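Before any comments, here is the structure.
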Amino acid sequence: MPLDLVAPAIFLVISFVFSMLGMGGSQLYIPILYWLGMNFKHEAIPLGLLLNVVTSASAAVTYYRHGLIRIRLAIPFALTMIVCAPLGAFLNFQVSTKLVILVFALFTLAGSILAATNWRPKKKVESKKAEIIMGITAGSILGLVVGFAGRGGGAMVVPILLMSGLEAKAAAATSSLIVTCAAISGLLGHLPAAHFYPLLTFLTIAAVLIGSQAGSRLMAGKMKPRGVRYVFAGVLFLVAVLLLKDVFK
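Residues 0 to 248 (numbering that gives the first Met the number 0) are what the sequence shown spells out, left to right.
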């Protein structure tokens with residue numbers, strides 16, 4: 000079956016699920032494009048990042064319209080993450096990449112458990128000052144980590160937001176805006192050497208737009224809190240397993 004038919008069908012499903020989590024889906028888009036025969040560096044990564052931006056931005060628009068995004072937390076989180084990622088790469092910390100990925104995996108697994116059990120901290124991040132401090136602190140640390148690890152940190156955002164006390168819907172909504180900003184930054188860095196196939200690019204963008212709109216609208220409007228938590232738990236667990244696979248391969 001041609002790539003132009005297979006990829007859009009698969010990505011429609013992925014964008015539906017990941018938009019409900021406030022994640023872009025590049026964790027799956029990029030390896031799937033590679034497995035389907037695309038050049039990893041010049042084709043799979045740029046297209047995967049582009050689809051990541053489209054998925055998360057489309058979901059963010061829906062969540063913003065429903066008033067679910069915690070802007071005061073999202074903006075400083077996104078900006079400091081973008082600024083600190085190149086700094087982390089420049090500093091080149093003497094830390095094993097596999098060790099960092101292992102930390103990512105364990106953190107994501109913890110987020111899965113928190114979502115499944117509905118755990119909430121006794122003291123939530125609610126005041127304006129606390130949200131700004133939380134955004135700057137978490138964004139700086141995560142930016143440095145993803146910078147020297149050479150990996151996207153989208154899967155880490157939702158667990159951090161859950162641990163700060165946000166409800167599942169607010170965590171997904173806020174994450175979608177953070178992930179969009181970070182993904183745009185990553186995409187710009189890959190554009191100079193990117194090669195896009197026009198038909199495939201158009202079809203996959205259309206597919207993730209449809210999927211992300213359906214998923215985010217379901218999450219924002221009709222999905223019950225328990226269902227949201229179980230979707231979070233399941234997908235975060237899957238991402239953790241994929242990360243652990245990278246560690247032990």
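Here a beta-carbon is modelled for each residue, glycine too, at the ideal position from N, C-alpha and C. The structure displayed is predicted, hence computed values, not measured ones.
- Going by C-alpha positions, TYR62 is about 12 Å away from ALA167.
- The three-state secondary structure of LYS128, taken from DSSP, is helix.
- Look at the region 148-209 and you find these whole runs of alpha helix (DSSP H), each 4 residues long or longer: 153-162 and 167-189.
- With respect to THR54, SER211 sits close: the two C-beta atoms are nearer than 7 Å.
- Taken through DSSP and simplified to helix, strand or coil, ILE70 comes out as helix.
- One alpha carbon belongs to ALA213, the other to PHE15, and they sit about 6 Å apart.
- As the crow flies, the alpha-carbon of MET218 is around 30 Å from that of LEU198.
- Your pair ILE68 and ALA172 checks out as a contact, with CB atoms roughly 5 Å apart and the cut at 8 Å.
- For ALA43, no alpha helix (DSSP H) encloses it, and the DSSP letter there is neither H nor E.
- Within the model, the alpha-carbon separation for VAL230 versus MET19 is close to 8 Å.
- In the DSSP assignment, MET19 falls within the alpha helix (DSSP H) that extends over 2-19.
- Contact annotation, ARG228 with ALA114: C-beta distance approximately 5 Å; criterion of less than 8 Å satisfied.
- Setting aside the 5 residues that flank it on each side, ILE159 is surrounded in the same chain by ALA137, each with a C-beta closer than 6 Å to its C-beta; the list follows chain order.
- In terms of Cβ geometry, CYS83 and GLY142 form a close pair [threshold 7 Å].
- Selection VAL12, TRP34, PHE201 and GLY134 evaluated against THR79 yields GLY134 as nearest (Cα-Cα).
- For LEU35, there is no enclosing alpha helix (DSSP H), as DSSP marks it with neither H nor E.
- Taking the Cα of GLY220 as reference, the smallest distance to any Cα among ALA154, ALA169 and ILE13 is reached at ALA169.
- Rounded to the nearest angstrom, the gap between the Cα atoms of ALA129 and SER139 is 15 Å.
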